[in-house]
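Below: the structure, in structure tokens.
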Amino acid sequence: LALLYPAVQGLGELALTVSEAAAGSDRIIEVLRARPAVTDAPAAVAAGQGRGRVEFDRVGFAYPGRASRPALHEVSFVAEPGEVLVITGPSGAGKSTLAKLLLRFYDPDEGRVLLDGADVRGLTRESLRENVTVLHQETMLFSGSVRDNIAYGRPAASMEEIIRAAETAGVHDFVQDLPRGYDTPVGQRGRLLSGGQRQRVAIARAVLRDAPVLVLDEPMTGLDEETAAQVMAPLGRLMTGRTTILITHDLRQVPSGARVIGLRPVPRHERIRLKRAGVPRLARDRTGAGHGASRTGRQEAAHA
Ligand code: ATP
Numbered sequence: 312l313a314l315l316y317p318a319v320q321g322l323g324e325l326a327l328t329v330s331e332a333a334a335g336s337d338r339i340i341e342v343l344r345a346r347p348a349v350t351d352a353p354a355a356v357a358a359g360q361g362r363g364r365v366e367f368d369r370v371g372f373a374y375p376g377r378a379s380r381p382a383l384h385e386v387s388f389v390a391e392p393g394e395v396l397v398i399t400g401p402s403g404a405g406k407s408t409l410a411k412l413l414l415r416f417y418d419p420d421e422g423r424v425l426l427d428g429a430d431v432r433g434l435t436r437e438s439l440r441e442n443v444t445v446l447h448q449e450t451m452l453f454s455g456s457v458r459d460n461i462a463y464g465r466p467a468a469s470m471e472e473i474i475r476a477a478e479t480a481g482v483h484d485f486v487q488d489l490p491r492g493y494d495t496p497v498g499q500r501g502r503l504l505s506g507g508q509r510q511r512v513a514i515a516r517a518v519l520r521d522a523p524v525l526v527l528d529e530p531m532t533g534l535d536e537e538t539a540a541q542v543m544a545p546l547g548r549l550m551t552g553r554t555t556i557l558i559t560h561d562l563r564q565v566p567s568g569a570r571v572i573g574l575r576p577v578p579r580h581e582r583i584r585l586k587r588a589g590v591p592r593l594a595r596d597r598t599g600a601g602h603g604a605s606r607t608g609r610q611e612a613a614h615a
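When we follow UniProt numbering, the leftmost residue of the sequence shown carries the number 312, and every step to the right adds one.
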């Protein structure tokens, strides 16, 4: 973890606001606009608290209206319970799209996404969110108290549980110095806290939610070293015992010992083939399933 420069931001059910100064603000705005394109299946069941095994099985996906430019094609990988799996690749390779499919913001057009062996299409979205926490670049808080922000997502949590999560995330120490402790308002978008403090509150929130799967999407982008140092250890504690999928285009950020999977943009010839098939959505191009080389491959983590 020594090379982690994490900044975190909640996604989905976690409160989101936009810091204009954030290096990744375009992405954040895009995420905010990402209204779920899918709803629960009529017979959807709750996922339950599983072990956190994530599998992508020959997944193909094109965003609505972008059939000629599929974001993913034939992507397969497994993240075993408790392991750190790094997904790397250039801009546009589809890394962030993986998180959206895992949380069912969209459904794949080909293949399956599985959580603990169950196709996520058969699971309720609410239970998916209970099993998967996604953290992004910049911490996003709402204008309640520190306590409210930590408890968001688990409002029934006791004060004792909130404090325990705050201790794990390195929040408890600085809270003692705030004028009203845990009742101190954090201001709009958490602006009354420093960047590092905001990020630790977001980590505390994730600790309290205690989901077995953690997705860190480009967590280190745009952070200064001081902020990085403040959140490094808390983030490491959050990752402990969870399946962590770390999405990054920067191999210097790969924790030692992590397994690394490379993702590259869908090759041009593949896009042309799919386009020639004349499909408005990949789903109608079932003939394409199984064609082409797998886009995934293992790389050594040593080149971090
Ligand atoms: P980066 O490292 O730049 O964040 P990435 O590997 O995470 O890139 P994605 O954000 O998953 O890539 O995008 C994959 C492809 O899907 C890109 O071509 C992108 O332009 C496209 N894309 C992403 N989000 C949307 C969207 N909401 N609507 C349409 N196309 C999208």
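Ideal Cβ positions, reconstructed from N, Cα and C, are used throughout, including at glycine.
Inset, instruction - Determine the direct distance from the alpha carbon of Val370 to that of Leu489, and round the result to whole angstroms. - result: Counting from 1 along the sequence shown, the entry for residue 489 is found at position 178. Counting from 1 along the sequence shown, the entry for residue 370 is found at position 59. Pairing Leu489 with Val370, the inter-Cα distance amounts to about 48 Å.
Legend entry - 4-residue-minimum alpha helix (DSSP H) runs that sit fully inside the stretch 527-597, ordered along the chain: The qualifying runs are 536-550, 579-587.
Legend entry - When Gly501, Val571, Arg432, Gly464 are compared against Gly455, the one with the closest alpha-carbon: Numbered from 1 along the sequence shown, position 144 holds the residue referred to as residue 455. Taking only the C-alpha atoms, the option nearest Gly455 is Gly501.
Inset, instruction - Going by DSSP, name the residue or residues bridged to Val424. - result: Residue mapping note: residue 424 aligns to position 113 of the sequence shown, counting from 1. DSSP links Val424 through a beta bridge to Phe367.
Inset, instruction - With Ala390 as the anchor, note down where its alpha helix (DSSP H) starts and where it stops. - result: What you label residue 390 is simply residue 79 of the sequence shown in a count that begins at 1. From DSSP, Ala390 is part of no alpha helix (DSSP H) but of the beta strand (DSSP E) over 383-390.
Inset, instruction - Pull up the distance between the alpha-carbon of Val445 and that of Ala410, whole angstroms please. - result: The count along the sequence shown starts at 1 and reaches residue 445 at position 134. The count along the sequence shown starts at 1 and reaches residue 410 at position 99. When the Cα atoms are used, Val445 and Ala410 turn out to be separated by approximately 7 Å.
Legend entry - Neighbourhood of Arg575 by C-beta, 8 Å cutoff - its chain only, sequence neighbours within 5 removed: What you label residue 575 is simply residue 264 of the sequence shown in a count that begins at 1. Excluding the 5 residues flanking it on each side, Arg575 has same chain C-beta neighbours closer than 8 Å at Gly400, Pro401, Ala404, Arg606, in chain order.
Legend entry - Separation of Val565 from Val397, as counted between CA atoms: The residue labelled residue 397 in the question sits at position 86 within the sequence shown. The residue labelled residue 565 in the question sits at position 254 within the sequence shown. If you take the alpha carbons of Val397 and Val565, they lie about 7 Å apart.
Legend entry - Check: His384 C-beta below 6 Å from any heavy atom of the ligand ATP: Sequence index remark: in the sequence shown, residue 384 carries index 73 (1-based). No.
Inset, instruction - Measure the alpha-carbon distance for Ala544 versus Pro530 and round it to whole angstroms. - result: Along the sequence shown, read from residue 1 onward, the residue named residue 544 stands at position 233. Along the sequence shown, read from residue 1 onward, the residue named residue 530 stands at position 219. One C-alpha to the other measures close to 14 Å.
Inset, instruction - Give me whichever residues DSSP pairs with Leu414 in a beta bridge. - result: Locating residue 414 in the sequence shown gives position 103, where the first residue counts as 1. Bridge partners of Leu414: none, in fact.
Inset, instruction - Report yes if the C-beta distance between Val518 and Val486 is below 7 Å; otherwise report no. - result: For the purposes of this step, residue 518 is taken as residue 207 along the sequence shown, with counting starting at 1. For the purposes of this step, residue 486 is taken as residue 175 along the sequence shown, with counting starting at 1. The answer is no: Cβ separation not under 7 Å.
Inset, instruction - For Pro419, count neighbouring C-beta atoms within 10 Å of its own C-beta (all shown protein chains included) and say buried if the count is 16 or more, exposed if not. - result: Position 108 of the sequence shown, counted from the start, is the residue given in the question as residue 419. The residue in question, Pro419, is buried, as its Cβ has 16 or more Cβ neighbours within 10 Å.
Inset, instruction - Could you tell me which of Ser567, Arg587, Leu414, Pro496 sits nearest to Val524, measuring between CA atoms? - result: To locate residue 524, count along the sequence shown from 1; it is residue 213. That would be Leu414, whose Cα lies nearest to the Cα of Val524.
Inset, instruction - Kindly give me the distance between the Cβ atoms of Ala357 and Thr435, rounded to whole angstroms, as I take these residues to be in contact under 8 Å. - result: If you number the sequence shown from 1, residue 357 lands on position 46. If you number the sequence shown from 1, residue 435 lands on position 124. Contact annotation, Ala357 with Thr435: C-beta distance approximately 5 Å; criterion of less than 8 Å satisfied.
Legend entry - Segments assigned beta strand (DSSP E), at least 3 residues, entirely inside the stretch 425-485: Those beta strand (DSSP E) runs which fall completely within the stretch 425-485 and span 3+ residues are 443-446.
Inset, instruction - Indicate the three-state DSSP secondary structure (helix, strand or coil) for Val524 in the structure shown. - result: Here residue 524 refers to the residue found at position 213 when the sequence shown is read from its first residue. Three-state DSSP puts Val524 in a strand.
Inset, instruction - Grab the span of the beta strand (DSSP E) containing Val397 for me, first residue to last. - result: Residue numbering aside, residue 397 sits at position 86 when the sequence shown is read from its first letter. Val397 -> beta strand (DSSP E) spans 395-399.
Inset, instruction - Measure the Cβ-Cβ separation of Glu366 and Val389 and say whether it is below 7 Å. - result: By 1-based counting over the sequence shown, the position of residue 366 is 55. By 1-based counting over the sequence shown, the position of residue 389 is 78. For the 7 Å CB-CB criterion, Glu366 and Val389 form a contact.
Legend entry - Option nearest Gly492 by Cα separation, candidates Ala540, Arg587, Ile461, Glu581: Translated into positions along the sequence shown, residue 492 becomes position 181. Comparing Cα-Cα distances from Gly492 to each of Ala540, Arg587, Ile461, Glu581, the minimum goes to Ile461.
Legend entry - Beta-carbon contacts of Gly552 that lie in its chain and below 8 Å, excluding the five residues immediately before and after: Position 241 of the sequence shown holds residue 552. Hits under 8 Å: Gly393.
Inset, instruction - Can you check DSSP and say which residues form a bridge with Pro496? - result: If you number the sequence shown from 1, residue 496 lands on position 185. DSSP, once it has assigned bridges, lists Ser456 as partnering Pro496.
Inset, instruction - Report yes if the C-beta distance between Val542 and Gln510 is below 7 Å; otherwise report no. - result: For the purposes of this step, residue 542 is taken as residue 231 along the sequence shown, with counting starting at 1. For the purposes of this step, residue 510 is taken as residue 199 along the sequence shown, with counting starting at 1. Their beta carbons are under 7 Å apart, which means Val542 touches Gln510 by this criterion.
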